[in-house]
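Chemist: Please read through the structure below; I'll follow up with questions.
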Amino acid sequence: LSKLEDEPIRRLIEAMIQRDPSARHSAENYLAQERGGLFPEYFYTFLHSYMLIYCDTSLILSPDEKIERLKKDIHNIINLLISEEEKSAKNGNEKNNSSCEALVLITSLITSWIRGLHFTNSKLQCLEILLDLAAHTSSETVLDRILPYIMFLIHDSFPKVRVSAVHTLTKALSFVKTVPPSDANVFPEYILPGLSQVAHDESVIVRTAFAENVAELAEIALRLLEHWQVSHNETPRHSYESELATLHHMMQQMVSALLTDSQNIVKQTLIENGITKLCVFFGKQKANDILLSHMITFLNDKEDKQLRGSFFDCIVGVAAYIGVHSSPILSPLLQQGLTDTEEFVVRKAINAITALTELSLLHKSSLYQLLDECSPFLVHPNLWIRQAVVGFISALARTLNMVDVQCKVMSVIEPYLKHKIIQLEKEVLVLNALRPCIPRVVYDSVIKCSEVTMLLYTLMERQKARGALPKHISLPPALPASPHNSNSFKNLLRRLSSDGMTEEVEDLLVLMGKNLTKLSRYSSQETRVSNNGKLDLATLKFPVQARTAILTKPDTTKSEVTSFPARRGGEEFSNLTSNMNEEWKHMFGTVDSASKTGEKPSQTSWESPQSTQHSVDIEYSLQERSYIQYRCAPCRLELRKLLKHRERLHGALLKGREWRESGFRPPLSPPGWRLRPALVSHLHGHSGPISRLVSLPDTTIMASCSFDGCVRVWDCGKMEGRNIANRARQVYNAHSGPLVGMALCNAKTSLGMASQSGNIVVLKIEANSNKMSVYDSRQLDLEEEGSPVDIAYFDSGSQSVLVCATIYGCLIGWDLRAPGLAWKLDNEIRQGVITAMYMDSNQCCLSVGTSSGFHTCWDLRFHLPIATIVHPTGAKVRRLCGHPSQASWLISSVYGNNEVSLWGIESGSRQAVLWGSGAPPLSNAQLNGHSVCGMYSGVVDKVPFLLTGGTDHRIRYWDLDNLGNSYLAIPAGGDVPGQISYSYKCRLIDGTNVVQEIQTVCRQKGSNIEESPRAGPDQPATGHHNAITDITMCQGSSQCFMVTGARDGVIKVWK
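Mapping the sequence shown onto full-length UniProt numbering, position 340 (from 1) lands on 340, and the numbers just tick up by one.
This is the structure:
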């Protein structure tokens, strides 16, 4: 005890180890006695209670879950403990160190869990926590308590963990400022031997991570060695030179392994991340012998252009450290870079020459030789190369004396200049004086030519004939005579002339003759490796096996569909999972744990995720097993979410496929249903024009919206029999102006509506109650987006978007499950103002009609317009709807003659025309001002039909299979029964089927009344007295009704 320097600790230990048991106090008494003294205040207020969370036995937490929870709290814990220690140090007039002693307890808590971690994410989070702690603890704590566990994770079985551990090791060691005597040889005796195998790791990403950090590790090792030699007075066991030689030997082995790695990315990473630091670490001689000798071999790799480019980026730093005696070695390497087949490598080589010239690391003879090689690039078609050469010339002008510049440099570059210049050190002047470069097309054709030498000989002969051959250009010997006789050669010259090879360009090609010959020879020898970005999984060390997931689940009753772990196994479920491979059964817990642990068959069939780990089997208690067996790795949870998402997409795909294959929508009308002109109810609750009627599927509920700003919900089930209480069951007043559109949304449980003031509201409707609440709302910018025209709902299984069309041509998608806009499309305003919209969720298609007769169809998967159809007369589109049996057809009503056209979206042609007017078909000579404003398409007994109503107050039934069977379903309120009969005749006009309405005046009035079906106790049929604005169908308690709304606010229900 006398060796303990801290007096309070010595007194506490003496009291705790007294021989008399009665003299020893309890732990609570000691804690209370030393509060504010030996134990700081934050130990009582925070630390003790927080650490009890992880020691509580009532709630069993795995080490992975403890790490995940602590990761969320670690920053707050560090800030709290540091602030508390600063307060205590200030009160006690003590010096505040940068490290926090309380974090040692947190460090011990974390390191006690590391060996029990199973999941990769947990290990990565643990390394992040250790790095945060290393930044705020002492160097001794980092070396003694954190470093061993990082080294332990460096040898983890998962490459991703090993990569993170290497990065964490480097960053943690960078926080070490002082070295205690016990850790003086931590690098040569512990760290570097532990990293020796990392340089030979089987995973490329691990070796790349080590190559990225090895230079900084060498710098840290050298810094700690020098710090120990300077700061400690006692004689070290070994001299500085011997310790440094040991470090050099160990680092040399690892760096040499990385420089000779089979993967070029490892080499490139090493030289791009601190190659100069390695030069300083090894010294000049070893930097020349180890680094430069290996780097030279990188230029021999003709397949990896990135590696060759990195060589020229990094060679300047190595040469700057080695010195000018490296010039004989560098000159041929730089010349080799000038003949590289990749232009960006040539530019990097020229930039390296410029940097070496500015540092005076090249001999004058080498500079002149490189100038001769670089000057032809002044007319290269690549602008970056020309600028790099100009930079080299300017560097020469600044380095050499004036005589050498004007006599030697200027004489070399003069043929490439339009005029002589004096100030070569100014790059702008040199660039402005350059002659026009060789056209890219001509240059590429010459490089790819197999007869470059013959071509250059011909060009020099033509230049000699013109008397313009420079003196320093010599003709190549031993060329075949009369090369002009070759037809292919004549064709080459003719093609080059057509591509822009003038006499001036010929002169430039002759000047570049030597470089062109070399580039052509190297290009022909180069073997390009085709890399399409695809990985061959069969070539991996651990072949990846295909996994199978069942997206289509069998139909089960509610009693069978239970969330796990309620399912206890069964014949049907075992048949479903029998096709799964073993790993997927482990993934989703479908392996019978009873078969592996020897439990009774009554135990759960969902196996613990721990059984899939390659670790020692642990016997858990019943309480532990009941909690641990349902735990799952985060990656598996993400995979489950992905599979659920794919199931939803697959369900939506099957839904659309069934709809397309069957060709018919699910019919609302019962088999054998036929509309009778029998009025069931007359609803007059609205005070303004009806804009939309919407019925809720599988219910008797129907909703209407009007220009009076109100939404009324009606129960069609109460409109039969003697029940005369036909009031709206729910009323909602938006107080935002006229409502222009309404659509079902949110799985057909809500109503989305839009008003002219730009307010969009989503109402939640409960079919079994009278409650109606606002689910969500938003306001459009009227100045930027315009007021709404119509609204629709897009539900593809993966998307739930409320789409609003505005008068400015904006199509705004609002995702009801997320804030903000999902997307925004702009319809061409030149095509006219949007007047109608139709959404087909099965086809992911949105169709809009404009005031100029344009029909534009948008593919909402790619947000692109896929088709544009224009009405021949440019008539205004009033309403759009889909064809009930043809998925690629669009039904459109336009202004005048009650015209309804059936368009084929794929072909863009008009398939049929419904002409509900006495005017001549497809003619504007006698324009009838009536238009169809409301349409409803459906199917009865697999027969598609269309109901239309418009400004003539009449409702027509169109048989889309047999157009001749169409008839006037309900006459207008002002029509005299039996006065006019309506028949429909089908004709073929200009290749289009046209159904024309023929009106015949009847002399025998009342004949139609006798033939009309009995209405029973119902009142005689009374049609609308105003324009019909919308039509829908709703299910009553025993039959199907047709509901129509008019401009005078009247809603009529028919059967």
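All C-beta atoms, glycine included, are put in the ideal place defined by N, C-alpha and C.
Terminal residues of the continuous beta strand (DSSP E) containing W823?
Modeler: Segment 821–826, the beta strand (DSSP E) holding W823.
Chemist: Do you know how far the Cα of I329 is from the Cα of V214?
Modeler: C-alpha separation (whole angstroms): 26 Å.
Chemist: In angstroms, rounded to a whole number, what distance separates the CA positions of Q996 and L675?
Modeler: The straight-line gap from Cα to Cα measures roughly 21 Å.
Chemist: Would you check if the segment 167–183 and the segment 124–140 touch, i.e. whether three or more CB-CB distances between them fall below 8 Å?
Modeler: Judged by Cβ distances under 8 Å, the segment 124–140 makes contact with the segment 167–183, as three or more pairs qualify.
Chemist: Does DSSP classify A102 as helix, strand or coil?
Modeler: In this structure, A102 counts as coil in the three-state DSSP scheme.
Chemist: From Y984 to I998, what does the alpha carbon distance come to, in whole angstroms?
Modeler: Y984 and I998: Cα-Cα distance of roughly 6 Å.
Chemist: DSSP state of T700, grouped into three classes?
Modeler: DSSP places T700 in coil when its eight states are reduced to three.
Chemist: Check L12 in the structure and name its three-state DSSP category.
Modeler: Note: L12 maps to helix in three-state DSSP.
Chemist: Among I205, A822, W1054, E506, whose alpha-carbon lies nearest the alpha-carbon of V161?
Modeler: Closest option to V161, Cα to Cα, is I205.
Chemist: With the cut-off set at 8 Å, would you say T835 and V789 are in Cβ contact?
Modeler: Closer than 8 Å, so yes.
Chemist: Between E778 and L654, what straight-line distance do the alpha-carbon atoms span, to the nearest angstrom?
Modeler: One detail in the question is off: residue 778 reads as Arg in this sequence, not Glu. In a straight line, the C-alpha of R778 is about 33 Å away from that of L654.
Chemist: Just to confirm before moving on: does the CB-CB distance between M753 and G737 stay below 8 Å?
Modeler: No, the Cβ-Cβ distance between M753 and G737 is not below 8 Å.
Chemist: To which residues of the same chain is G194 closer than 7 Å at the C-beta, ignoring the five residues directly before and after it?
Modeler: Counting only Cβ-Cβ distances below 7 Å, and skipping sequence neighbours, we find M151, I154.
Chemist: Got a sec? Which residues, its chain only, sit under 7 Å from L259 by beta carbon, not counting five neighbours each side?
Modeler: Cβ neighbours of L259 beyond the five flanking positions: K267, L270, H294.
Chemist: Comparing C-alpha positions only, which one of S182, L551, F39 sits nearest to K641?
Modeler: Of S182, L551, F39, the residue nearest in Cα terms is L551.
Chemist: Can you tell me the Cβ-Cβ gap for D64 and L117, rounded? I've got them flagged as a contact below 8 Å.
Modeler: Between L117 and D64 the Cβ distance is about 6 Å, and since that is below 8 Å, they are a contact.
Chemist: Sort out for me which residues DSSP pairs G849 with in a bridge.
Modeler: Paired residues: A836, H855.
Chemist: Would you mind sorting T1000 into buried or exposed? The rule is 16 or more other CB atoms within 10 Å of its CB.
Modeler: Exposed: under 16 other Cβ atoms inside 10 Å.
Chemist: Let's see if you can read the secondary structure: which residues bound the alpha helix (DSSP H) around G309?
Modeler: That run of the alpha helix (DSSP H) goes 305–322.
Chemist: Could you compute how far the alpha carbon of K420 sits from the alpha carbon of A433?
Modeler: Their backbone Cα atoms lie some 8 Å apart in a straight line.
Chemist: For my contact list, C986 and L963 are in at a C-beta cut-off of 8 Å; report their separation, rounded to the angstrom.
Modeler: Their Cβ separation, rounded to whole angstroms, is 5 Å, which keeps C986 and L963 in contact under 8 Å.
Chemist: Below 6 Å CB to CB, which residues in the same chain sit around K764 once its five sequence neighbours on both sides are set aside?
Modeler: For K764, where only same-chain residues beyond five positions count, the Cβ hits under 6 Å are S750, S773, Y775.
Chemist: Cα separation between D826 and I812?
Modeler: D826 and I812: Cα-Cα distance of roughly 9 Å.
Chemist: Using the rule of at least 16 other Cβ atoms within 10 Å of the residue's Cβ for burial, across every protein chain shown, is L299 buried or exposed?
Modeler: Burial call: buried.
Chemist: For C449, name the three-state secondary structure that DSSP assigns.
Modeler: If DSSP states are grouped into helix, strand and coil, C449 belongs with coil.
Chemist: What does a CB cutoff of less than 8 Å around D372 pick up in its chain, not counting 5 residues either side in sequence?
Modeler: V412, listed in sequence order.
Chemist: Using a 10 Å radius around the Cβ and a threshold of 16 neighbouring Cβ atoms, would you call G908 buried or exposed?
Modeler: When all chains shown are included, G908 counts as exposed.
Chemist: Tell me the rounded alpha-carbon separation between V390 and E358.
Modeler: Cα to Cα, the separation comes out at about 14 Å.
Chemist: Under 8 Å by Cβ, that's how I've got G853 and T873 pegged, so tell me the actual separation to the nearest angstrom.
Modeler: Confirmed, Cβ separation roughly 7 Å.
Chemist: Taking the alpha-carbon positions, what's the W113 to I146 distance?
Modeler: Rounded to the nearest angstrom, the two C-alpha atoms are 13 Å apart.
Chemist: For my contact list, V442 and M402 are in at a C-beta cut-off of 8 Å; report their separation, rounded to the angstrom.
Modeler: So it is not a contact: roughly 37 Å between Cβ atoms.
Chemist: Can you give the Cα-Cα distance for I82 and L47, rounded to whole angstroms?
Modeler: When rounded, the distance between both Cα atoms is 12 Å.
Chemist: Could you give the uninterrupted runs of the alpha helix (DSSP H) lying entirely in the segment 327–357, keeping only those of 4 residues or more?
Modeler: Counting whole runs of 4 or more residues, the segment 327–357 contains the alpha helix (DSSP H) stretches 327–338.
Chemist: According to the neighbour-count rule (16 or more other Cβ atoms, all chains shown, within 10 Å of its Cβ), is F862 buried or exposed?
Modeler: F862 comes out exposed.
Chemist: Would you give the residue range spanned by the alpha helix (DSSP H) that T806 belongs to?
Modeler: Segment 800–806 is the beta strand (DSSP E) holding T806; no alpha helix (DSSP H) there.
Chemist: Name the residue from A546, L864, A969 whose alpha carbon lies nearest to the alpha carbon of W958.
Modeler: Selected option, being the one with the closest Cα: A969.
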